[in-house]
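Numbering (our numbering), first residue to last: 1 to 487. Heads up, the beta-carbon is just placed ideally off N, CA and C, and yes, glycines get one too.
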Ligand code: FRU
């Protein structure tokens, strides 16, 4: 805590510091962990290295919120301390039982120098009476080895727990002995004693060598398995990130432990979205949050002693059988300085008075008319020629996110298959100082990325190769949502 506190003030000076996205007060973070609704508040933990802006021995950082909009940092919740978690408290989840909050996580131990082969992973439990201070249970590890069968003995991690009827269930990320991703299902009556049920689902074809961070829940009557497959090969426009995050939906047979499911779908088509985790809240909503980054991408904020952030919370629902993700409505509380336009014709390039910024929400409904290419450039700067280019291509039916001229950091292009509805395109952008999330056609597709533009790259420009109409355009500046850590 001291390490993080000493650094947080200088980290906050950095112009890329996010204003309404969750990040660490300082130093490194990755996956969301233990996302849960407990005693009237949302708790979110995260993989945290509190001594440097690089990944290292993992702790669980902690932040909470009453409304998923205004966040308050809390002291670090878990630290490596025992023989079984000596080299890291890896990812996991949290669940309420008898009024207490239980965190189930993976204890990681390196047994040699090669992090890929020389490791031992076990599953552990810690319990809290106040949601803030956690004690590891004496029975740890509660799952001390991977089951027999075609299951890799060491790559065995990221427990996500839920309750159904009288039982607790947990899914674990795994791989076969010859490196095909899979998910294991366990059940328990008390969270302490776990019984292995089955390999719930496994990679067939191109679904990677390891499935990390599984999550299982039911949504609109279907069972959904979310997971983060490592090492899928790219196919056409898809899967160009190092690792993917997506879902399969179907029906889980709670007797056999087998999930019958359809094909894999991405949850986000941008550059930076990994290890998503969901929680159900008191209204029965299924909320998802993910690490807004990707392993091995460049993270220019590291030179300012921080790294990583969460996406905004997204509410999941289904439409024609597919999952759609929408920004949660609570974020409207952050809105300031509303600017609205109606029925604006764009032909060529067009800027609009009052429409610029680096921390805002922008919603626009476009009538594509006969244009074949049109879109928005954001974070533009005339001096440096920086821009982040968001284009709809009608002939290809693709939405294209181009960050080649976005500033520092990695460039690249990502494409999402998108159709027009009645010749209309709806875009809903959340821009923060160094991030963009684009919700396309009411959350049918989402594209998320970190970008690292110059401080004064604040322009917004609409463009079209033939006349289009901006039927409605609403823009709000968004205010700060995360307050500093005070101990
Ligand atoms: C996913 C992951 C998890 C692991 C954690 C370690 O990003 O690799 O599988 O528990 O990060 O920080």
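| Query | Result |
| --- | --- |
| Measure the Cβ-Cβ separation of residue 291 and residue 32 and say whether it is below 8 Å. | yes |
| Count the other CB atoms within 10 Å of the CB of residue 486; is the residue buried (16 or more) or exposed (fewer)? | exposed |
| I'd like to confirm something about residue 227: is its beta-carbon nearer than 7 Å to some heavy atom of ligand 1, or not? | no |
| How big is the Cα-Cα spacing for residue 448 and residue 467? | 28 Å |
| In the DSSP output, what is residue 327 paired with across the bridge? | 314 |
| Between which two residues does the alpha helix (DSSP H) containing residue 10 stretch? | 2-11 |
| Considering only the beta carbon of each residue, do residue 208 and residue 232 sit closer than 8 Å? | yes |
| What are the start and end residues of the beta strand (DSSP E) that includes residue 142? | That residue, residue 142, is in no beta strand (DSSP E); it is neither H nor E in DSSP. |
| Apply the 10 Å Cβ neighbour rule to residue 321 and answer buried if 16 or more other Cβ atoms are within range, or exposed otherwise. | exposed |
| Give me the pocket residues for ligand 1, defined as CB within less than 7 Å of any heavy atom, sorted by chain position. | 30, 31, 47, 55, 58, 88, 90, 91, 106, 157, 158, 173, 212, 213, 228, 274, 275, 291, 295 |
| According to DSSP, is residue 177 part of a helix, a strand, or is it coil? | coil |
| Go through the segment 53-106 residue by residue and report every complete run of the beta strand (DSSP E) that reaches 3 residues or more, in order. | 59-65, 71-78, 89-97 |
| Find out if the Cβ-Cβ distance for the pair residue 95, residue 36 is shorter than 8 Å. | yes |
| Where DSSP assigns a beta bridge to residue 188, which residues make up the other side? | 168 |
| Let me check one thing: in DSSP terms, what residues is residue 201 bridge-paired to? | 183 |
| Suppose the cutoff is 7 Å on Cβ atoms and the five residues either side in sequence are ignored; what does the same chain contact list for residue 39 look like? | 131 |
| Whose C-beta lies closer than 6 Å to the C-beta of residue 222 among residues of the same chain, with five residues either side of it excluded? | 249 |
| Could you please give the first and the last residue of the uninterrupted beta strand (DSSP E) stretch that includes residue 401? | 398-402 |
| The beta strand (DSSP E) spanning residue 298 covers which residue range? | Per DSSP, residue 298 belongs to no beta strand (DSSP E) and is neither H nor E. |
| If the criterion is Cβ atoms closer than 8 Å, does the pair residue 302 and residue 53 meet it? | yes |
| On a Cα-Cα basis, can you pick out the residue from 163, 173, 299 that is closest to residue 156? | 173 |
| Does residue 358 pass the burial test, meaning 16 or more other C-beta atoms within 10 Å, or should it be called exposed? | buried |
| Between which two residues does the beta strand (DSSP E) harbouring residue 292 extend? | Residue 292 -> no beta strand (DSSP E), and no H or E assigned at all. |
| State the Cα-Cα distance for the pair residue 479 and residue 235, rounded to the nearest angstrom. | 39 Å |
| Going by the CB atoms, is the gap between residue 360 and residue 431 shorter than 8 Å? | yes |
| Report, in whole angstroms, the separation of the C-beta atoms of residue 61 and residue 106, which I expect to be a contact under 8 Å. | 16 Å between Cβ atoms; not a contact. |
| Excluding the 5 residues preceding and the 5 following residue 476 in the sequence, name in chain order all residues of the same chain whose CB lies nearer than 7 Å to its CB. | 335, 336, 337, 338, 360, 361 |
| With 16 other CB atoms within 10 Å as the buried threshold, where does residue 114 fall? | exposed |
| Can you tell me which residues form a DSSP beta bridge with residue 485? | Residue 485 pairs with nothing; no bridge assigned. |
| Evaluate residue 121 with the Cβ neighbour count: other Cβ atoms within 10 Å of its Cβ, from every protein chain shown; 16 or more gives buried, anything less gives exposed. | buried |
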